[in-house]
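The structure under discussion appears below in the form of structure tokens.
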Amino acid sequence: MIKRTQNKVAESRFTLPATAAYAIAVWLLSGQLIPIVPFTSNQIIQGAWIQLICFIVSTYLMVELNNSNALIRIYSRMVSCSFIMLLCAGCFMFGSLSGAIVQLCLVASCLMLFHCYQDRHSVGWTFYAFLFVGLSSLLFIQILFYVPFLWIMMFFQMTALSWRTFYASILGLFTPYWFIAPYFVFHADTSTPVSHLSELISFSTPFDYSQITFNQMLLFIFVVLLGVTGIVHYLRNQSADSIRIRMLYGCFIYLFIFTVIFLILQPQHFDILIRILIINTSPLIAHFISLTHTRITNVAFLIISTVAVLMTLFNLWMPSFSF
Numbered sequence: 022m023i024k025r026t027q028n029k030v031a032e033s034r035f036t037l038p039a040t041a042a043y044a045i046a047v048w049l050l051s052g053q054l055i056p057i058v059p060f061t062s063n064q065i066i067q068g069a070w071i072q073l074i075c076f077i078v079s080t081y082l083m084v085e086l087n088n089s090n091a092l093i094r095i096y097s098r099m100v101s102c103s104f105i106m107l108l109c110a111g112c113f114m115f116g117s118l119s120g121a122i123v124q125l126c127l128v129a130s131c132l133m134l135f136h137c138y139q140d141r142h143s144v145g146w147t148f149y150a151f152l153f154v155g156l157s158s159l160l161f162i163q164i165l166f167y168v169p170f171l172w173i174m175m176f177f178q179m180t181a182l183s184w185r186t187f188y189a190s191i192l193g194l195f196t197p198y199w200f201i202a203p204y205f206v207f208h209a210d211t212s213t214p215v216s217h218l219s220e221l222i223s224f225s226t227p228f229d230y231s232q233i234t235f236n237q238m239l240l241f242i243f244v245v246l247l248g249v250t251g252i253v254h255y256l257r258n259q260s261a262d263s264i265r266i267r268m269l270y271g272c273f274i275y276l277f278i279f280t281v282i283f284l285i286l287q288p289q290h291f292d293i294l295i296r297i298l299i300i301n302t303s304p305l306i307a308h309f310i311s312l313t314h315t316r317i318t319n320v321a322f323l324i325i326s327t328v329a330v331l332m333t334l335f336n337l338w339m340p341s342f343s344f
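Sequential numbering of the sequence shown, starting at 22, is according to the working numbering.
Spelled out as structure tokens, the structure:
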């Protein structure tokens with residue numbers, strides 16, 4: 022079998038360290054950590070260091086997600102590398118603290134949820150998986166729209182839903198609210214939680230793209246194209262994977278489709294939804310890059326890599342502007 026550039030990169034042990042170094046360089050160039058010189062120590066302290074920590078931990082959890090589930094049947098770090106490259110392509114999002122925290126919570130949730138595969142008694146993993154969903158809902162209440170979808174996937178894709186795991190998921194979702202409820206009771210503040218929960222039934226006009234910038238639209242199109250490419254490839258070649266891996270990739274595919282529809286209908290939630298899209302696109306495009314060997318796919322890999330770098334440079338040096 023001919024090993025082309027894409028295969029050498031996908032299977033190299035130096036790919037992840039090189040991609041991590043690239044990400045740190047992008048973070049420094051973005052000005053989110055250290056502002057343009059001259060700068061003061063106060064400005065450095067106020068930099069997006071928490072966001073960077075969330076980025077690093079999220080990447081580590083993506084590595085664990087790949088390793089613990091053997092998402093790619095050969096040695097490859099492309100899942101985490103794809104995750105890094107796509108986030109760097111959207112480097113204008115680095116400053117969002119809520120987006121970084123929700124992103125971290127959702128990667129952790131996926132990692133724990135996949136441990137429940139074919140285990141209807143995995144109440145512990147289920148509890149912690151939905152605990153992280155509940156935590157993310159404190160910042161992005163609309164994430165609760167994913168909960169029925171997660172239950173359906175647990176039932177059909179992972180065969181892990183039972184009455185015990187269902188109750189564990191409910192308990193996990195409500196635990197963060199039970200912990201913060203005393204604070205609002207002590208301060209006699211009911212307006213804040215009511216206002217937060219009411220956002221669940223507050224919908225903006227569908228297809229309202231007036232606040233979407235050109236940079237955001239470009240990133241969305243790029244991520245969707247990669248996701249569709251990965252889906253088409255996987256559906257054509259899934260027979261080579263085990264049943265477990267097929268079920269897990271089915272979860273990625275269904276979540277990808279659901280998130281695309283959600284983002285198209287409610288684009289005002291772009292900052293969070295594009296991160297969910299990237300989480301689910303990364304394994305799909307990584308599978309395509311790692312397990313194809315033709316001349317055409319090698320050219321596609323080079324084009325994808327070049328576009329990702331060019332988009333990163335574009336978003337570093339060009340300000341966001343609306344249509």
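The beta-carbon is built from N, C-alpha and C at its ideal position, and this holds for glycine as well. Fair warning: this is a prediction, and the values are worked out from it, not measured in the lab.
### Task
Keeping to the same chain, check which residues put their C-beta closer than 7 Å to that of isoleucine 23; ignore five residues upstream and five downstream.
His314
### Task
Compute the Euclidean distance between the alpha carbons of threonine 26 and glutamate 32, then round it to the nearest angstrom.
10 Å
#### Entry: Cutoff 8 Å; reference isoleucine 105; Cβ partners in own chain excluding five residues on either side
Thr40, Ala41, Tyr43, Ala44, Thr80
### Short Cβ contact (7 Å threshold) for phenylalanine 148 with glycine 193
yes
### Message
Using 8 Å for Cβ pairs, my map puts cysteine 126 next to methionine 179. What's the rounded Cβ distance?
### Response
The pair is not a contact, with the Cβ atoms about 19 Å apart (cut-off 8 Å).
### Query
Can you list, in chain order, the residues of its chain whose CB lies under 8 Å from that of valine 47, leaving out five sequence neighbours each side?
If we look at valine 47 and ignore the five residues flanking it on each side, its Cβ neighbours are Cys109, Cys112, Thr333, Leu337.
### Message
Counting C-beta neighbours from all protein chains within 10 Å, is the total for valine 144 16 or more, i.e. buried, or is it exposed?
### Response
Its Cβ being crowded by 16 or more others within 10 Å, valine 144 is buried.
### Query
Given leucine 54, which residues of its chain have a CB within under 8 Å of its CB, disregarding the five upstream and five downstream residues?
Trp48, Ile65, Gly68, Ala69, Trp70, Leu73
### Task
With distances taken Cα to Cα, identify the nearest neighbour of phenylalanine 76 among Ser97, Ile95, Ala129.
Ala129
### Message
Can you tell me where the alpha helix (DSSP H) holding serine 130 begins and where it ends?
### Response
Its alpha helix (DSSP H) spans residues 118-134.
#### Entry: asparagine 90 versus arginine 141 - alpha carbon distance
Between the C-alpha atoms of asparagine 90 and arginine 141 there is a straight-line separation of about 18 Å.
#### Entry: 6 Å CB neighbourhood of serine 153 in its chain, flanking five on each side removed
One detail in the question is off: residue 153 reads as phenylalanine in this sequence, not serine. Only Cys126, Ala129, Ser130 meet the Cβ criterion.
### Task
Classify phenylalanine 200 as helix, strand or coil using the three-state DSSP reduction.
helix
### Message
Contact defined as beta carbons within less than 8 Å: I believe arginine 267 pairs with glutamine 259. What is the distance between those atoms, to the nearest angstrom?
### Response
5 Å
### Query
Between the C-alpha atoms of tyrosine 167 and serine 157, what's the straight-line distance to the nearest angstrom?
About 12 Å.
### Task
Go to leucine 165, then tell me how far its alpha helix (DSSP H) extends in each direction, as first and last residue.
Element bounds for leucine 165: n/a, residue is neither H nor E.
### Query
So what's proline 227 in DSSP terms, helix, strand or just coil?
coil
### Task
For the segment 238-248 and the segment 295-306, state whether three or more C-beta atom pairs, one from each stretch, are separated by less than 8 Å.
yes
### Query
Going by beta carbon distance, what residues of the same chain come within less than 8 Å of tryptophan 172, once the five residues before and after it are set aside?
Leu182, Phe187, Ser190
#### Entry: Inter-stretch contact (C-beta, 8 Å, three-pair minimum) for the segment 307-325 and the segment 93-107
By the Cβ test, the segment 307-325 is in contact with the segment 93-107, since at least three Cβ pairs between them sit closer than 8 Å.
### Message
Within a Cβ cutoff of 7 Å, which residues of the same chain sit near arginine 34, ignoring the five residues on either side of it in sequence?
### Response
none
### Query
Ends of the alpha helix (DSSP H) at glutamine 259?
No alpha helix (DSSP H) contains glutamine 259, which DSSP labels as neither H nor E.
### Message
Within the continuous alpha helix (DSSP H) that includes aspartate 292, where are the two ends?
### Response
Looking at the DSSP string, the run of the alpha helix (DSSP H) that includes aspartate 292 is 291-311.
### Cβ neighbours of phenylalanine 205 in the same chain (closer than 6 Å, five flanking residues each side left out)
Pro214
### Task
Grab the span of the alpha helix (DSSP H) containing alanine 329 for me, first residue to last.
316-338
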